[in-house]
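Have a look at the structure below before the remarks.
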Amino acid sequence: MSVMTDDLLARLLDKVEHRFYGKYRGFVVDNADPQKRGRLRVTVPSVLGDVVSGWALPCAPYGGHAGRGFFFIPEKKDGVWVEFESGLLEFPVWVGTFFSQPGGTTEAPPPGNSQSPPTSKIIKTAKHTIELADADNSEAIIVTDSTNKNTITIDKNGVLIVDGNGNKVKLESGGVTIESSKIKVGAAAAEKLVKGDTLLQLLTQWHTKLSTHVHPNGNMGSPTGPAVTLAPPPTLNSMLSSAHVVE
1 MSVMTDDLLA RLLDKVEHRF YGKYRGFVVD NADPQKRGRL RVTVPSVLGD VVSGWALPCA
61 PYGGHAGRGF FFIPEKKDGV WVEFESGLLE FPVWVGTFFS QPGGTTEAPP PGNSQSPPTS
121 KIIKTAKHTI ELADADNSEA IIVTDSTNKN TITIDKNGVL IVDGNGNKVK LESGGVTIES
181 SKIKVGAAAA EKLVKGDTLL QLLTQWHTKL STHVHPNGNM GSPTGPAVTL APPPTLNSML
241 SSAHVVE
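Here my numbering is used: the sequence shown runs in plain steps of one and ends on residue 247.
Pasting the structure below:
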């Protein structure tokens with residue numbers, strides 16, 4: 001019986017002394033997983049010193065089946081939490097990330113770095129941001145492409161799309177507004193848009209001139225007679241839209 005107890009104690013001591021349980025701070029050295037599984041090679045200073053680990057599997061919140069899952073891979077030098085499966089150093093697992101505070105300033109992405117308590121849920125990479133703003137009366141979804149300066153904002157006012165060229169599309173309760181230096185309706189658009197009010201004014205002037213025009217004869221330029229009475233003009237303003245306008 002004492003032999004069994006000693007053996008059990010020896011095995012327990014071996015597990016305690018030669019296995020590493022819990023989470024350890026690590027830093028990404030390589031994220032170019034040749035197997036495309038989201039694995040990382042990391043340093044874990046408190047456990048491995050300067051030695052770089054083998055490929056650490058991700059502990060993702062969703063996945064486990066071909067073609068679907070949560071795939072957000074940290075970049076080089078990012079801070080990650082590292083565990084070891086069954087406490088064995090040869091089976092590292094990265095389980096999440098953390099924000100450092102160098103110089104007393106948080107590395108959390110804006111606007112989360114200035115909210116207390118935080119009201120926005122943020123997904124931010126080096127070039128793109130998705131913000132779910134949940135503050136009362138300021139709810140919004142904002143998608144930003146910082147490289148090309150494109151943004152989509154969805155809030156209580158409607159939807160606003162702005163691109164890096166200065167073009168804007170605004171959808172709100174009053175309708176849809178398109179702002180651009182050049183608007184095309186249809187991929188093969190070639191004909192120019194007509195300004196309805198201006199066209200109505202020009203046609204009215206033309207009809208007035210035509211209805212008052214007389215032809216002079218050869219006798220000292222005297223008119224041949226009164227102007228011919230034209231039929232009443234059609235109701236020209238009926239061609240104007242009651243809902244849509246153009247600049």
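Backbone N, C-alpha and C fix where the C-beta goes; we use that ideal spot for every residue, glycine too.
- A contact is defined here as three or more CB-CB pairs under 8 Å, and the segment 73-83 fails this definition with respect to the segment 115-122.
- Contact check for residue 80 and residue 40: beta-carbon distance about 7 Å, within the 8 Å limit, so the pair qualifies.
- Just measuring C-alpha positions, the residue of 55, 99, 46 sitting nearest residue 34 is 55.
- Sequence-distant partners of residue 131 (beyond 5 residues in either direction) whose C-beta falls short of 6 Å from its own C-beta, in its chain, are 120, 122, 142.
- In the displayed model, residue 19 falls within coil according to three-state DSSP, outside both helix and strand.
- Segment contact: the segment 103-111 against the segment 82-89, fewer than three CB-CB distances shorter than 8 Å; contact not assigned.
- Rounded to whole angstroms, residue 25 and residue 19 show a C-alpha spacing of 16 Å.
- Counted as a single uninterrupted DSSP element, the beta strand (DSSP E) harbouring residue 176 occupies residues 175-179.
- If you check the CB distance, residue 125 and residue 140 do not come in under 8 Å.
- Relative to the Cα of residue 159, the nearest Cα in the group 199, 173, 165 belongs to 173.
- At the C-beta level, residue 127 and residue 151 stay beyond 8 Å of one another.
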